[in-house]
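Trainee: Sharing a structure below in structure tokens format, with a few things to ask.
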Amino acid sequence: MKQLLFAFCLLAGISSVHAQGTLKASIIIINGNIHTLDPNAPKADAIAINDNKIIATGSNKQILSLKNKTTRIIDAQGKTVIPGLFDSHLHVIRGGRFYNSELRWDGVRSLKRALEMLKEQAQRTPPGQWVRVVGGWNEFQFEEKRLPTLAEINEATGNTPAFILYLYSKAWLNKAGLAALKMDENSPNPMGGLIEKDNQGKPTGLLVAEPNAFILYSTLAKLPELSTEERVNSTLQFMRELNRLGVTAVMDAGGGFQNFPDDYTITDQLNKEGKITLRLPYYLFAQKKGTELQDYNKWIGMVDIDHQGHNDINHIEYKVAGGGENLVADAADFENFLFPRPELPTSMESSLTPVLTQLVKNRWPFRIHATYNESIGRDLDVIEQVNKTISVQNAPWFFDHAETISDENIARIKALGGGVAIQHRMAYQGELFVHRYGIQQALHAPPVAKLLKAGIPVGLGTDGTRVASYNPWVALYWLVTGKTLGGNTILSPDNQLDRTTALQLLTTGSYSLIKQQEDKGMLKKGYLADVVILDRDYFNIPGDEILQIQAVLTIVDGKIVYGAAPYAQIAPAPLPVIPAWSPVKYFGGYQYK
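Set out below in structure tokens:
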């Protein structure tokens, strides 16, 4: 028996060696400053990829032994290499539809330059279209530290209709925009919103969320859309922009006026054609107050959450991931820090309970938008009640935002097996938060260090594109330095993170929210090959320079999807931007000056 067992082990060993010996790499990256985020082997010089998986990390000599005649060798030239970034909260499907039509002020350093861009774009925008600046900026990023005036906007845009969105708080329409929408002294204020009027009762052009953002988004929804061909190009351009920033995966959080399945046809088409360059699990967002349960019942009947088929062309994940971030309108507490915290209606519990019950019963993951602790407490009352009948741990679930969550509610989430997805909204709204609630409240908004200490899953994201920018490096800058885009330190030193921990939240942390961290988020043997080479060393540059980081090479699922010098020749060539007047064609996306 011993001899038979020895022979079996010897044969198994030979088979294992043989298998390893024949497994050669399709891509090898050498001479890298590789941060694997694998605690057992945190640094490496080289990495080997075969098909869509990492097969080894190690020294140059070790990894080069895995090459063959067809292996592509990529010299990282000492640059920093990290796992691909996973934004756990981004509205990429909606954002992609509109990206080519939007002028981005994200990253612009002066209001003077922002207004120059606005004027240039107004001059090239054709009749029937609008100039639109749709979030991702604030006044504190500008040298002037102020917002534009309506007079400045009207002077820059002239007769071209213009819409400029500022956070979830307000928007400006120029005179041409008011005329195009036929907004006049007879236009009523929508519920929760204000159309500002002058002394003669005529609209000034300022729209104010008091505090509900419906007035802003409903106005934006009236603007003309791009053609189908242009929306396809727009979505591809937006995904390339995210790849340029090192993003390889996104959890799409749905969004207002993003209807399923009608508004998913562009990404559906691109998925079938194998052209999606991001892992893209997406959540379904209930759109209309009072019909949320009907929506989710319909979608549950349409989508088998566990068996959605497989696309043989595009192997990356593109599928319905669950329900949220809006589950019911009664539970929404928009973080408009220009106004007091909204009190959720007394009908919230009776609205949320049947929706959550249906989702949990059908093993649908869910996410819940909740900015304030008071909202989180009431949401948890409902979750705990549902949990008495059927375990909410049957599928992953988490809160989005949670800026003012208490220790008590952190413990309740832990007990229920939930998580928290945080975003860099305070990098954009920190000063406004301080003005209303004081610096002491801002020091731990959100209390990321406490969340991590509690041992619950925590992922990081951006909440782009309308509230904040889609640039994930702003999120890392904010967590590492504690600063807003205005340079004001608002996170307490004990609530700031070291650079490795912060990066983990944007990789393995985001995957932990949906329980997929076992094969994603690290550069480790057997993990999926999402790899990024950066243009500078995130781990050692001054904190303020984190805002400048870009990728020079991005690999998703073992395929090169983006490359800049010196790797542009081995990456797909950028597509021409359409339409010809698109701001993206002239300015690109995130700005660096």
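The numbers in this note's numbering rise by one with no breaks, and the one at position 273 of the sequence shown is 722.
Here a beta-carbon is modelled for each residue, glycine too, at the ideal position from N, C-alpha and C.
Remember, predicted model here, so these are calculated numbers, not experimental data.
1. Using the Cα positions of D744 and V769, report the straight-line distance between them to the nearest angstrom.
2. Specify, as a first and last residue, the run of the alpha helix (DSSP H) that H884 falls within.
3. Quick check on this structure: which residue in A625, P639, E679 and G641 has the alpha carbon closest to the alpha carbon of T653?
4. Using a Cβ-Cβ cutoff of less than 8 angstroms, which residues in the same chain neighbour D943 once the five nearest sequence positions on both sides are dropped?
5. Do G910 and S537 have their beta-carbon atoms positioned less than 7 angstroms apart in this structure?
6. A505 and L513 look like a contact to me (Cβ under 8 angstroms); what is the Cβ gap, rounded to whole Å?
7. When burial is assigned at 16 or more other CB atoms within 10 Å of the CB, is Q649 buried or exposed?
8. For I463, which residues from the same chain have a beta carbon less than 7 angstroms from its beta carbon, with the 5 sequence-adjacent residues on both sides left out?
9. Please check the pair N549 and Q757, which I expect to be a contact at CB under 8 angstroms, by giving their CB distance rounded to whole angstroms.
10. Starting from M971, trace the alpha helix (DSSP H) both ways and give me its first and last residue.
11. Comparing C-alpha positions only, which one of D500, E659 and H873 sits nearest to E792?
12. Quick one: grab the DSSP three-state call for D947.
13. Would you be able to state if there are at least three C-beta pairs under 8 angstroms between the stretch 951–960 and the stretch 585–602?
14. A1013 lies in the alpha helix (DSSP H); which residues open and close that run?
15. Which residue or residues does DSSP assign as beta-bridge partners of G868?
16. Pick helix, strand or coil for G771, following the three-state DSSP scheme.
17. Can you have a look at Q526 and say buried or exposed, based on whether 16 or more other CB atoms are within 10 angstroms of its CB?
18. Under the three-state reduction of DSSP, which class applies to P1032: helix, strand or coil?
19. Do you know offhand how far N763's Cα is from L729's?
20. In chain order, what residues of the same chain have a beta carbon less than 8 angstroms from the beta carbon of A456, not counting five sequence neighbours either side?
21. So, with DSSP's three-state summary, where would you put E678?
22. For G1007, I'd like the list of residues in its chain whose CB is within less than 6 angstroms of its CB, leaving aside the five on either flank, ordered along the chain.
23. In its own chain, which residues sit with a C-beta less than 7 angstroms from the C-beta of P814, not counting the 5 before and 5 after it?
24. Does A490 come out as helix, strand or coil in the three-state DSSP assignment?
25. Mind checking whether F783 and Y617 have CB atoms under 7 angstroms apart?
26. Can you grab the Cα-Cα spacing for the pair T933 / A474, in whole Å?
27. Is the CB-CB distance between N528 and I982 below 7 angstroms?
28. Tell whether a beta-carbon distance below 7 angstroms holds between V1001 and T726.
29. Assuming contact is defined by CB atoms lying nearer than 7 angstroms, are E798 and V841 in contact in what I supplied?
Mentor: Let me spell this out:
1. Position 295 of the sequence shown holds residue 744. Position 320 of the sequence shown holds residue 769. D744 and V769: Cα-Cα distance of roughly 14 angstroms.
2. Stepping through the sequence shown from its first residue, residue 884 is reached at position 435. Boundaries of the alpha helix (DSSP H) harbouring H884: R874 to Y886, taken from the DSSP string.
3. As a position in the sequence shown, residue 653 is number 204, starting the count at 1. Of A625, P639, E679 and G641, the residue nearest in Cα terms is A625.
4. Here residue 943 is taken as the residue at index 494 of the sequence shown, counted from 1. Only A898 meet the Cβ criterion.
5. Working through the sequence shown from its first residue, we reach residue 537 at position 88. Working through the sequence shown from its first residue, we reach residue 910 at position 461. Yes; because the gap between Cβ atoms is below 7 angstroms, this pair is in contact.
6. The residue labelled residue 505 in the question sits at position 56 within the sequence shown. The residue labelled residue 513 in the question sits at position 64 within the sequence shown. Contact doesn't hold; Cβ gap of about 11 angstroms is too wide.
7. Taking the sequence shown and counting its residues from 1, the one referred to as residue 649 is at position 200. Exposed, by the Cβ-count rule.
8. Counting from 1 along the sequence shown, the entry for residue 463 is found at position 14. A caution first: I463 carries a pLDDT of 29, below 50, which makes its placement in the model unreliable, though a value can still be read off. The same chain holds no residue with a CB closer than 7 angstroms to that of I463 once the five nearest residues on each side in sequence are set aside.
9. Taking the first residue of the sequence shown as 1, we reach residue 549 at position 100. Taking the first residue of the sequence shown as 1, we reach residue 757 at position 308. Their Cβ separation, rounded to whole angstroms, is 29 angstroms, which puts N549 and Q757 out of contact at 8 angstroms.
10. Residue mapping note: residue 971 aligns to position 522 of the sequence shown, counting from 1. Unbroken run through M971: none, as it is neither H nor E.
11. Within the sequence shown, the letter at position 343 stands for residue 792. Checked all of D500, E659 and H873; the closest Cα to E792 is E659.
12. Here residue 947 refers to the residue found at position 498 of the sequence shown. Coil at D947, not helix or strand.
13. For the pair of segments examined, the stretch 585–602 was found not to touch the stretch 951–960: the number of CB pairs separated by less than 8 angstroms stays below three.
14. Residue 1013 sits at position 564 when you count from the first residue of the sequence shown. In the DSSP annotation of this structure, A1013 is not part of any alpha helix (DSSP H), being labelled neither H nor E.
15. Position 419 of the sequence shown, counting from 1, holds the residue named residue 868. According to DSSP, which records beta bridges pairwise, G868 is partnered with F847.
16. Counted from its first residue, the sequence shown places residue 771 at position 322. Strand at G771.
17. Position 77 of the sequence shown, counting from 1, holds the residue named residue 526. By the 16-neighbour rule on beta-carbons within 10 angstroms, Q526 is exposed.
18. Residue mapping note: residue 1032 aligns to position 583 of the sequence shown, counting from 1. Here P1032 carries a helix assignment [DSSP, helix/strand/coil].
19. Taking the sequence shown and counting its residues from 1, the one referred to as residue 763 is at position 314. Taking the sequence shown and counting its residues from 1, the one referred to as residue 729 is at position 280. Going from the Cα of N763 to the Cα of L729 covers about 11 angstroms.
20. By 1-based counting over the sequence shown, the position of residue 456 is 7. Confidence at A456 is low in this model, with a pLDDT of 38, below 50, so the placement of that residue should be treated as unreliable; the coordinate-derived value is given next. Within the same chain, A456 has no close Cβ partners at all.
21. On the sequence shown, position 229 is the one that residue 678 refers to. In this structure, E678 counts as helix in the three-state DSSP scheme.
22. Position 558 of the sequence shown, counted from the first residue, corresponds to residue 1007. Around G1007: I498, D500, N501 and A978.
23. Position 365 of the sequence shown, counted from the first residue, corresponds to residue 814. Sequence-distant partners of P814 (beyond 5 residues in either direction) whose C-beta falls short of 7 angstroms from its own C-beta, in its chain, are A770, G771, A844, P845, W846 and I963.
24. If you number the sequence shown from 1, residue 490 lands on position 41. In the three-state DSSP reduction, A490 falls in the coil class, being neither helix nor strand.
25. Here residue 783 is taken as the residue at index 334 of the sequence shown, counted from 1. Here residue 617 is taken as the residue at index 168 of the sequence shown, counted from 1. Result yes, Cβ atoms of F783 and Y617 sit closer than 7 angstroms.
26. Against the sequence shown, residue 933 aligns to sequence position 484. Against the sequence shown, residue 474 aligns to sequence position 25. Distance from the CA atom of T933 to the CA atom of A474, rounded to whole angstroms, is 43 angstroms.
27. One-based indexing of the sequence shown puts residue 528 at position 79. One-based indexing of the sequence shown puts residue 982 at position 533. Per the sequence shown, residue 528 should be read as Lys rather than Asn. A contact, by the Cβ cut-off of 7 angstroms.
28. The sequence position of residue 1001 within the sequence shown is 552, counting from 1. The sequence position of residue 726 within the sequence shown is 277, counting from 1. Going by C-beta atoms, V1001 is not nearer than 7 angstroms to T726.
29. Along the sequence shown, one-based indexing puts residue 798 at 349. Along the sequence shown, one-based indexing puts residue 841 at 392. Cβ distance not < 7 angstroms, so E798 and V841 don't count as in contact.
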